[in-house]
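Listed in order, the protein sequences are those of chains A and B. If you count the first sequence from 1, you need to add 3 to reach this note's numbering. If you count the second sequence from 1, you need to add 2 to reach this note's numbering. Positions of the beta carbon are idealized from the N, C-alpha and C atoms, including for glycine.
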Amino acid sequence: MNKVNNWQPKIIAFLCNWCSYAGADLAGISRLQYPPNVRVIRVPCSGRMNPLYIIKALQHGVDGVLVSGCHPGDCHYITGNYHARRKFAIINSLLQYVGIEPGRIHFSWVSASEGGKFAEVIRTVTEDVKKLGPAKKLVKEI
Amino acid sequence: MKDMRAKKIQDIARKLLKEKKVDIVIGFEKGTLPSSATPCFIRNPDQTDRLIWNSFCGNNLANYLPKRKDKIGIVAKGCDSRSIVVLIQEKQIKREQLYIIGVPCEGMINKNNAPHDYCLICEHKNPVIYDVLVGEKVKESKKKDKYKEVEKFEKKSASDKWKYLESELSKCIRCNACRNACPTCYCKECFIDQEKPRWVGTTNNLSDIIFFHLGRIFHQAGRCTDCGACVRACPMNIDFRQFTQKITKDAKTLFDYETGLDIDIKPPFTTFKEDDKQDFIK
C-alpha cells in the first residue's frame with residue numbers, strides 16, 4: 004500500500020535542441036521550481052521525432068510523454084516543426100483512438116526564452132499524469 | 003457483360019505484348035478454387051486468354067509494382083488505380099513505365115457471395131488514372147456513413163477502446179501478411195525487420211504486436227486507400243479497417259487530403275500549411 008502512495012510518475016520529455024532544451028536550461032538557471040519527474044531526451048529538432056518514439060517510450064514503461072519544440076515559424080531548420088506538427092496530429096489522434104488516455108501524451112511549443120512556460124508545462128503534465136496513475140497499457144513485461 | 007470485359011482485357015493485353023509496348027501484363031486469372039481469382043503475370047502474347055475479369059478480382063495488383071524496372075501493363079480497378087497514384091507520387095514507379103488498363107468496378111464479393119464492407123462504402127469505383135478504359139464508367143456517389151464505424155468507436159471510453167484493440171490484436175500470429183499484401187507497404191526494410199535500432203521484439207508478446215500494428219497503421223497515413231488488402235490477407239480475420247479508416251478520416255479532416263486522386267498533389271506528410279490545426283499543442 005505504501006508503495007502505491009509513494010508512486011511518482013516517470014515522464015519522458017523529448018526537447019528540441021534549439022528552443023525547448025534551452026528553455027529548460029533557462030528554467031534551471033532562473034531557479035524555477037518544477038517537479039523532478041521528467042527525464043529529458045534532447046533531439047536535434049522536433050521534426051527529428053519519429054512518432055514511434057512515443058509508442059516505444061510507453062512500451063518501456065514511462066507514464067507520460069512530452070514532446071516540445073520551437074514555436075511554428077521559429078524552427079532552426081525553417082520548417083522542421085511544421086512537418087512535425089502534422090505527424091503529431093495524426094499520432095496523437097491515433098493513440099487516443101486506440102485507448103491511450105489523452106493525459107499521457109503532451110505536446111508543447113516552448114522557446115528558448117520561455118523558462119517560465121517550460122516550468123509551467125512540466126507542472127501541468129506531471130499533474131495530468133499523476134491523476135491517471137501508473138501506465139499499464141502497452142507496457143512490455145519482461 | 004462480364005465476359006465482354008474479359009475479352010476486351012485479353013485483346014488489349016495481346017496487342018500490347020505483340021507490339022512490345024509492355025514487357026509484362028499483370029491481371030487476373032481463374033483461381034484454383036471455385037469463386038476465386040488469382041493474380042497472373044503474362045509475358046507471352048499467346049497466353050493472354052488466361053486473363054479474366056469477374057467479381058472475385060479483389061486483390062490489389064498495385065502491390066506488384068514497386069521497384070520494377072520493366073514496362074508493365076496492369077489491370078486496375080478503382081482502388082488499384084489509387085494505390086498506383088500513391089506509388090507514382092512516392093516515386094516507387096514511373097508513370098511512363100505503366101500502361102494502365104482501367105476497369106470500372108461495381109464492388110467485389112467475398113467467398114460467401116456477399117459484397118466486401120469496404121466496397122459498400124467505396125467512393126471511387128472508376129479508376130482515377132488509366133490509359134484505356136474497359137467497359138462503361140459506373141455511377142459513383144458520396145457515402146455519408148462512410149466513417150460510421152469509426153465515429154461509433156470514437157465515442158467509447160478509453161478502456162473499452164483498448165480492450166477491443168487487445169482482443170483483436172491478440173489474434174495476431176505475426177505472419178506479416180497484412181504488410182506484404184499492402185501495396186503501399188513497399189519499404190525495402192520494414193521497421194519491424196530493423197536490427198539497429200530493434201523496434202519490435204520478435205516474439206508474440208502482445209505489447210510488441212500492438213507496437214507493430216500501431217506503427218504500420220501510422221505509416222499508412224495518407225497512403226491507405228481502404229482497398230481491404232490487409233483484411234483479405236489476414237489469416238486470423240483481424241479487423242484492421244477499424245483502425246486504418248481512422249487514419250484516412252484524420253487525413254481528410256485534418257489536412258483535407260484524400261489518398262491517391264492526383265499524381266501532382268503532394269502527400270500530406272511531405273508538405274504543410276502554416277495554419278494547420280494545433281489545438282492539441284500547449
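Below-8 angstroms beta-carbon distance, residue i vs any chain B residue
i, result
"N40 of chain A", "no"
"V65 of chain A", "no"
"Y85 of chain A", "yes"
"W112 of chain A", "yes"
"V142 of chain A", "yes"
"P12 of chain A", "no"
"M4 of chain A", "Unreliable placement is indicated for M4 of chain A, whose pLDDT of 49 sits below 50; the coordinate value is still reported in the next sentence. Closer than 8 angstroms: no."
"T129 of chain A", "no"
"P47 of chain A", "no"
"P75 of chain A", "yes"
Within-8 angstroms CB hit, residue i to chain C
i, result
"I283 of chain B", "Absent from the structure: chain C. Protein chains present are A and B."
Residue from the options whose Cα sits closest to the Cα of residue i
i, options, result
"G80 of chain B", "B:F155, B:V130, B:R181, B:R45", "B:V130"
"D66 of chain A", "A:E117, A:G118, A:R51, A:A16", "A:A16"
"Q99 of chain B", "B:D278, B:G230, B:V24", "B:V24"
"K120 of chain A", "A:P12, A:D131, A:I14, A:Y24", "A:Y24"
"M110 of chain B", "B:I265, B:G60, B:D72", "B:G60"
"G26 of chain A", "A:E123, A:K139, A:N8", "A:E123"
"F91 of chain A", "B:I249, B:L263, B:D266", "B:I249"
"Q12 of chain B", "B:W55, B:S83, B:E197, B:R176", "B:W55"
"T261 of chain B", "B:F214, B:N182, B:K190, B:R225", "B:R225"
"L35 of chain B", "B:C121, B:K113, B:W164", "B:K113"
"D266 of chain B", "B:V77, B:V87, B:D72", "B:V87"
"K71 of chain B", "B:R52, B:K96, B:T273, B:S161", "B:K96"
"A30 of chain A", "A:E117, A:P137, A:K143, A:K139", "A:E117"
"K148 of chain B", "B:K268, B:I90, B:Q247, B:A8", "B:Q247"
"T272 of chain B", "A:P137, A:R89, A:I81", "A:R89"
"C121 of chain B", "B:C229, B:K268, B:V233", "B:C229"
Proximal residues of chain B, C-beta to C-beta of residue i below 8 angstroms
i, result
"R89 of chain A", "L256, F257, P270, F271, F274, D278"
"H109 of chain A", "K284"
"K59 of chain A", "W201, F213"
Neighbour flag for residue i against chain A, beta carbons, 8 angstroms
i, result
"I211 of chain B", "no"
"D252 of chain B", "yes"
"I219 of chain B", "yes"
"N206 of chain B", "no"
"A235 of chain B", "no"
"E191 of chain B", "no"
"L167 of chain B", "yes"
"L263 of chain B", "no"
"L122 of chain B", "no"
"L63 of chain B", "no"
"L135 of chain B", "no"
Contacts that residue i makes with chain A (C-beta to C-beta distance below 7 angstroms)
i, result
"L18 of chain B", "Here the premise fails: no neighbours, minimum Cβ distance about 40 angstroms."
"S161 of chain B", "G102"
"K248 of chain B", "L97, Y100"
"A223 of chain B", "I93"
"L67 of chain B", "Chain A residues near L67 of chain B: none, gap ~25 angstroms exceeds 7 angstroms."
"L89 of chain B", "In chain order: nothing, as chain A lies at least about 21 angstroms away."
Own chain partners of residue i with C-beta closer than 8 angstroms, once the 5 adjacent residues on each side are dropped
i, result
"E108 of chain B", "S57, K127, V140"
"M4 of chain A", "Any reading at M4 of chain A must be qualified, since the residue scores a pLDDT of 49, below 50, and its modelled position is unreliable; the value itself is stated next. Nothing listed; no residue qualifies."
"L141 of chain A", "I58, L61, Q62, I103"
"D37 of chain B", "Per the sequence shown, residue 37 of chain B should be read as Ser rather than Asp. So the list reads F58, K113, N115, once near-sequence residues are dropped."
"Q244 of chain B", "E151, V152, F155, Y166, E170"
"Y132 of chain B", "A78, S83, I102, I103, G104"
"K20 of chain B", "P47"
"L263 of chain B", "R84, V87, H126, V130"
"D278 of chain B", "L256, F257"
Neighbourhood of residue i by C-beta, 6 angstroms cutoff - its chain only, sequence neighbours within 5 removed
i, result
"L135 of chain A", "E104, G106"
"P185 of chain B", "N62, A64, N65, S85"
"E39 of chain A", "Residue 39 of chain A is actually Pro in this sequence, not Glu. Cβ within range, chain order: n/a, list empty."
"R126 of chain A", "Y37"
"C48 of chain A", "C19, Y80, G83"
"P117 of chain B", "G109, I111"
Where residue i meets chain A, residues with beta-carbon distance less than 9 angstroms
i, result
"F245 of chain B", "L97, Y100, V101"
Interface partners of residue i on chain A, CB under 8 angstroms
i, result
"I86 of chain B", "The premise fails here: I86 of chain B is roughly 23 angstroms from chain A at the closest Cβ pair, so nothing lies under 8 angstroms."
"E156 of chain B", "Y100"
"W164 of chain B", "V101, G102, I103, K140"
Within chain B, the residues that residue i reaches when beta carbons sit closer than 7 angstroms
i, result
"V124 of chain A", "K284"
"A115 of chain A", "By Cβ distance, chain B contributes nothing, its closest Cβ being about 17 angstroms from A115 of chain A, past 7 angstroms."
"Q62 of chain A", "S209, F213"
"P54 of chain A", "F220"
Residue i beta carbon near the ligand ZN (any heavy atom closer than 7 angstroms)
i, result
"L55 of chain A", "Looking for the ligand ZN in the displayed structure turns up nothing, as the structure carries no ligands at all."
Cβ-based neighbour list, residue i, same chain, cut-off 7 angstroms, excluding 5 preceding and 5 following
i, result
"S96 of chain A", "none"
"G203 of chain B", "D210"
Proximal chain B residues relative to residue i, where beta-carbon distance stays under 9 angstroms
i, result
"P137 of chain A", "Here the premise fails: no neighbours, minimum Cβ distance about 15 angstroms."
**OP:** Scan the segment 40-74 of chain A and note each continuous alpha helix (DSSP H) run of 4 residues or more that stays entirely inside, going in chain order.
**Re:** 54-62
Subject >> Runs of alpha helix (DSSP H) lying entirely within the segment 98-174 of chain B, each at least 4 residues, in chain order >> reply: 119-122, 150-156, 160-171
Original post:
Fully enclosed by the segment 213-269 of chain B, which alpha helix (DSSP H) runs are 4 residues long or longer?
Top reply: 231-235, 243-257
Original post:
In chain order, which continuous runs of the alpha helix (DSSP H) of length 4 or greater are located wholly inside the segment 96-137 of chain A?
Top reply: 118-135
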